[in-house]
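Reading through the structure tokens given below for one structure.
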Amino acid sequence: MDRGISLQGYVPMRREPSNDSEMVSQVLFGEEFRIVETRGQWYLISLDFDKYTGWVGTNYVTLIREQNADTVMPVAGYRMVSAPCITVIDRNADRQLILPAGSVLPGTAGKIVKLCGREYALQSETGILVPGQHVDPEPIGTGLFSIPYLWGGRCGFGFDCSGLTQTICRMMGISLPRDSGQQAALGANVNFIHETRKGDMAFFENAEGEIAHVGMLLGNGRILHAYTSVRIDRLDQQGIYDDEKGSYTHRLRVIKRIANGS
25 MDRGISLQGY
35 VPMRREPSND
45 SEMVSQVLFG
55 EEFRIVETRG
65 QWYLISLDFD
75 KYTGWVGTNY
85 VTLIREQNAD
95 TVMPVAGYRM
105 VSAPCITVID
115 RNADRQLILP
125 AGSVLPGTAG
135 KIVKLCGREY
145 ALQSETGILV
155 PGQHVDPEPI
165 GTGLFSIPYL
175 WGGRCGFGFD
185 CSGLTQTICR
195 MMGISLPRDS
205 GQQAALGANV
215 NFIHETRKGD
225 MAFFENAEGE
235 IAHVGMLLGN
245 GRILHAYTSV
255 RIDRLDQQGI
265 YDDEKGSYTH
275 RLRVIKRIAN
285 GS
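Residue numbers (this note's numbering): 25 to 286.
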């Protein structure tokens, strides 16, 4: 079965094979996937990292044939863009390419990145990290501060709530599923606010009692989450309190400890 990779900053994954369909997630630069089905100018794909499925336009991704498997992402290690975005030079096309936070780069060091027969030059290694080398979520998360909210987003051009927590955890070396409901099924319950630690994750329910929002605790009653933008608000036993509005915006359902070191 064919496989593919994104060599764009990001490629929208849609619920249905149509540009008018809802964006449910994104394939970021350097991420690989399995092609499940082809329908016209669309591929139904399953992303390697989180197994999320969705439709991508065939013109926006690059196929990987079996004979070219040694030219793609190595298993030895990779880096991630941690700044909101960085600029690289695509040497094959002699053009600049903007890579958002969450993009994946092969190798753990160096300013030259080789991927799928192409060569990319980094202007700097600032704003790039090796997953797992930084386990404090606060500098990672606050580095993404004010990035706008985007439904289906999981990169520096826009995040939804679970895309943000998934990306921060990935930078910390922790793999999470894509959606907040899936994330809430992991980890151990933390019963009281005073027992929470930095890195714990808080989940919130809608009027129907379904998990509909997630954020990451930073300690001292603060929560980092994507809501209008990546921001920090106050959290108590009731939920998230917006000081500007003077009201609660999200009702707390459960707090989970997913990272052992949190």
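Just so you know, even glycine gets a beta-carbon here, dropped at the ideal spot from N, CA and C. Computed from a prediction, not measured in an experiment: that's the story for all the values here.
Asked, Found
"Let me check understanding here. Comparing Cα to Cα, which of His-158, Val-35, Leu-129 and Leu-71 lies closest to Glu-143?", "Leu-129"
"From this set, Leu-52, Arg-38 and Glu-55, which residue's C-alpha is nearest Trp-66's C-alpha?", "Arg-38"
"In terms of DSSP beta bridges, what is His-237 paired with?", "Phe-228"
"Count the other CB atoms, across all protein chains shown, that sit within 10 Å of the CB of Leu-157; report buried if there are 16 or more and exposed otherwise.", "For clarity, residue 157 is Gln in the given sequence; the question names Leu instead. With fewer than 16 other Cβ atoms within 10 Å, it is exposed."
"Just reading off the alpha helix (DSSP H) that Glu-61 is part of, what are its end residues?", "Where Glu-61 is concerned, there is no enclosing alpha helix (DSSP H), although the beta strand (DSSP E) it sits in stretches over 56-63."
"With distances taken between CB atoms, is the gap from Gly-167 to Leu-87 smaller than 8 Å?", "no"
"Any idea what DSSP makes of Gly-21, helix, strand or coil?", "It is not possible to answer for residue 21, since the shown part of the chain is limited to 25 through 286."
"For Ser-253, which residues of its own chain have a beta-carbon under 7 Å away from its beta-carbon, when the five flanking residues on both sides are left out?", "Ser-170, Ile-171, Pro-172 and Tyr-173"
"Does the distance from the CB of Lys-280 to the CB of Ala-231 come in under 8 Å?", "no"
"Would Gln-190 be called buried (16 or more neighbouring beta carbons within 10 Å of its own) or exposed?", "buried"
"Using the C-alpha atoms, what's the distance from Gly-180 back to Ala-145?", "20 Å"
"Could you round the C-beta distance between Pro-161 and Met-104 to whole angstroms and report it? I think they count as a contact, below 8 Å.", "With a Cβ gap of about 14 Å, Pro-161 and Met-104 do not count as contacting."
"Grouping DSSP H, G and I as helix and E and B as strand, with all else coil, what is Met-47?", "strand"
"On the three-state DSSP scale, how would you describe Asn-83?", "helix"
"Taking all protein chains shown into account, do 16 or more other C-beta atoms lie within 10 angstroms of the C-beta of Ser-310, making it buried, or fewer, making it exposed?", "Shown here, the chain extends from 25 to 286; a query on residue 310 therefore has no answer."
"Counting C-beta neighbours from all protein chains within 10 Å, is the total for Arg-63 16 or more, i.e. buried, or is it exposed?", "exposed"
"For Asp-94, which three-state DSSP category applies?", "Since pLDDT at Asp-94 reaches only 47, below the 50 mark, its modelled position is unreliable, and the value read off the structure follows with that caveat. Helix, per DSSP."
"Please check the pair Leu-248 and Ile-235, which I expect to be a contact at CB under 8 Å, by giving their CB distance rounded to whole angstroms.", "18 Å between Cβ atoms; not a contact."
"Indicate the three-state DSSP secondary structure (helix, strand or coil) for Thr-220 in the structure shown.", "coil"
"So if DSSP puts Gly-78 in a beta bridge, which residue, or which two residues, is it bridged to?", "Ile-69"
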